[in-house]
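Read left to right, the sequence shown gives residues 2 to 376 (my numbering). Report on the following structure.
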Amino acid sequence: MHTVARVADHEVAVSPAPVAMVWSEPGTPHEPIAVPGVCLADGELLVEVEFATICGSDVHTASGHRPAPAPLVLGHEQVGRVVAAGGGHVLAVDGEPVILGDRIVWTVTTNCGSCDRCLGGVPQKCRTVAKYGHERLERGWELSGGFATHVQLRAGTGIVRVPARIAAEVAAPAACATATAVAALDAASRIPLDGAVVLVGGAGMIGLASTAMATAAGADVAVVDPDPRRRALARSFGAEWVLDPAAGHPGDQLRALGAIPPLVAIEASGAAASVRAAIESVDVSGVAVLVGSVSPGPAVEIDPERIVRNLITITGVHNYAPRHLQAAIDYLAGVGAAPPFEALVGATFPLADLDAALACAASGEHVRVGVDPRR
Numbered sequence: 002m003h004t005v006a007r008v009a010d011h012e013v014a015v016s017p018a019p020v021a022m023v024w025s026e027p028g029t030p031h032e033p034i035a036v037p038g039v040c041l042a043d044g045e046l047l048v049e050v051e052f053a054t055i056c057g058s059d060v061h062t063a064s065g066h067r068p069a070p071a072p073l074v075l076g077h078e079q080v081g082r083v084v085a086a087g088g089g090h091v092l093a094v095d096g097e098p099v100i101l102g103d104r105i106v107w108t109v110t111t112n113c114g115s116c117d118r119c120l121g122g123v124p125q126k127c128r129t130v131a132k133y134g135h136e137r138l139e140r141g142w143e144l145s146g147g148f149a150t151h152v153q154l155r156a157g158t159g160i161v162r163v164p165a166r167i168a169a170e171v172a173a174p175a176a177c178a179t180a181t182a183v184a185a186l187d188a189a190s191r192i193p194l195d196g197a198v199v200l201v202g203g204a205g206m207i208g209l210a211s212t213a214m215a216t217a218a219g220a221d222v223a224v225v226d227p228d229p230r231r232r233a234l235a236r237s238f239g240a241e242w243v244l245d246p247a248a249g250h251p252g253d254q255l256r257a258l259g260a261i262p263p264l265v266a267i268e269a270s271g272a273a274a275s276v277r278a279a280i281e282s283v284d285v286s287g288v289a290v291l292v293g294s295v296s297p298g299p300a301v302e303i304d305p306e307r308i309v310r311n312l313i314t315i316t317g318v319h320n321y322a323p324r325h326l327q328a329a330i331d332y333l334a335g336v337g338a339a340p341p342f343e344a345l346v347g348a349t350f351p352l353a354d355l356d357a358a359l360a361c362a363a364s365g366e367h368v369r370v371g372v373d374p375r376r
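Here it is as structure tokens:
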């Protein structure tokens, strides 16, 4: 249990001191640092982390497969409670004030709200963006990632309140994977999902969330994944068909099953073959949404004539806007225990055992691995 005391207008002291786990380079254990005093500027919040989950990008960074500034505090999927605030009023995404004690999730990115990108509808690409769990450690913002007991939220962060009925294991991944799934489906929103076939490449967290949401909207979903365990999971999230890529091209498999061609493809794995299959499988006027290609990988060859003649749209989704996080929490608040989002967190480790948690996540045994700073 931490106690928080205000020692100056913008400074709070926390006891015991907040701890953040600092990553420096691949193969080197995380080092804990204590941050006893936190200075909160206007519009900033201090949040005590209830629970965090490990995203695939955390694994890629820690293993050296994804470039990142160092040292840094990883982690951007978490849920927590507001324990201190700087000056000024902080509004949640729904327009209501954020108050002490609120249970919240927050966007991966900050945004200024006034640059051309923010005004153009892509605040996640703000000209002055900062990303939780991705920034080099700096004095005054040590609590910048979710693998910590506390996170200091900067002004311009999208904040969404989380109802008590949503389990922490479900709420934490909403801050990245579930909100990204909402953004992916939104990117194809010109296609009515009711009665459509949707192809999902990859039965990871984004793929499974996309499957559940598309199914709820009336789509028939086909999920492609090489792992039979993941294909079985996809069934529990509403997939009509589960396809093994080793059995042939997904489009051919769907035709053999008597399905109409997909009008929407959500590629969530980042595998080059899956990207190619997503683009090749969508029908005339369809939309291929690429989500999983967030680490360096091989180029993918496409047939531009087919894209043009078939009026196919290819679009990318990276992170999401604050409204997508609100929609993700609204969705999760209404689905209850089915689909089984809570079961996707297959193991949980104390914060001090973060390196073991990352190794577990890298094994691929679980869709998500949890980190509990209270243990």
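Think of the CB as a built atom: it goes at the ideal place given N, C-alpha and C, for glycine as much as any other residue.
For residue 230, the secondary structure class from DSSP, reduced to helix, strand or coil, is helix. The C-beta of residue 145 has 16 or more other C-beta atoms within 10 Å across all chains shown, which makes the residue buried. Within its own chain, the residues whose Cβ lies closer than 7 Å to the Cβ of residue 324, once the five positions on either side in sequence are excluded, are 94, listed in chain order. Residue 325 sits in a helix when the DSSP states are folded into three classes. The three-state secondary structure of residue 374, taken from DSSP, is coil. For the pair residue 58 and residue 27, the CB atoms are not nearer than the 9 Å cut-off. In terms of Cα proximity to residue 309, the closest of 319, 284, 300 is 284. Taken in chain order, the unbroken stretches of beta strand (DSSP E) that lie wholly in the stretch 120 to 171 and span 3 residues or more are 151 to 154, 158 to 162.
If you ignore the 5 residues before and after residue 340, its C-beta comes within less than 7 Å of the C-beta of 213, 237, 238, 239, all in its own chain and listed in chain order. Under the DSSP assignment, residue 282 falls in the alpha helix (DSSP H) whose first and last residues are 273 to 282. As computed with DSSP, residue 22 is found in a beta bridge with 33. The Cβ atoms of residue 99 and residue 83 sit closer than 9 Å to each other. Checking the DSSP bridge columns, you'll see residue 291 partnered with 268, 317. Annotated three-state conformation of residue 73 is strand, per DSSP.
Contact between residue 55 and residue 358 holds, since their C-beta atoms are separated by about 6 Å, short of 8 Å. Distance from the Cα of residue 136 is smallest, within the candidate group 152, 182, 160, 124, for 152. According to the DSSP assignment, residue 67 belongs to no alpha helix (DSSP H), since it is labelled neither H nor E.
Within its own chain, the residues whose Cβ lies closer than 7 Å to the Cβ of residue 18, once the five positions on either side in sequence are excluded, are 35, 36, 37, listed in chain order. According to the DSSP secondary-structure assignment, residue 105 is paired through a beta bridge with 81, 162. In the three-state reduction of the DSSP assignment, residue 115 falls in the coil class. Residues 62 of the same chain have their beta carbon placed closer than 6 Å to that of residue 69, with the five preceding and five following residues left out of the count.
For residue 356, the enclosing alpha helix (DSSP H) starts and ends at 355 to 363. Within the DSSP bridge table, the entry for residue 350 names 372 as partners. Positions of the alpha helix (DSSP H) runs, each at least 4 residues long and wholly inside the stretch 216 to 263, are given as 229 to 237, 251 to 257 in order along the chain. Taking a C-beta distance under 9 Å as the contact criterion, residue 282 and residue 258 do not qualify as a contact pair. Our two residues, residue 52 and residue 130, have alpha carbons roughly 25 Å apart in a direct line. For residue 88, the closest of 278, 21, 11 by C-alpha to C-alpha distance is 11. Boundaries of the alpha helix (DSSP H) harbouring residue 307: 305 to 310, taken from the DSSP string. Ranking 186, 168, 193 by CA distance to the CA of residue 209 puts 186 first.
Residue 85 and residue 5 do touch by the CB rule: their CB atoms are close to 5 Å apart, below 8 Å. Note on geometry: alpha-carbon atoms of residue 253 and residue 329 lie some 33 Å from one another. Exposure of residue 165 is indicated by the presence of fewer than 16 other C-beta atoms within 10 angstroms of its C-beta.
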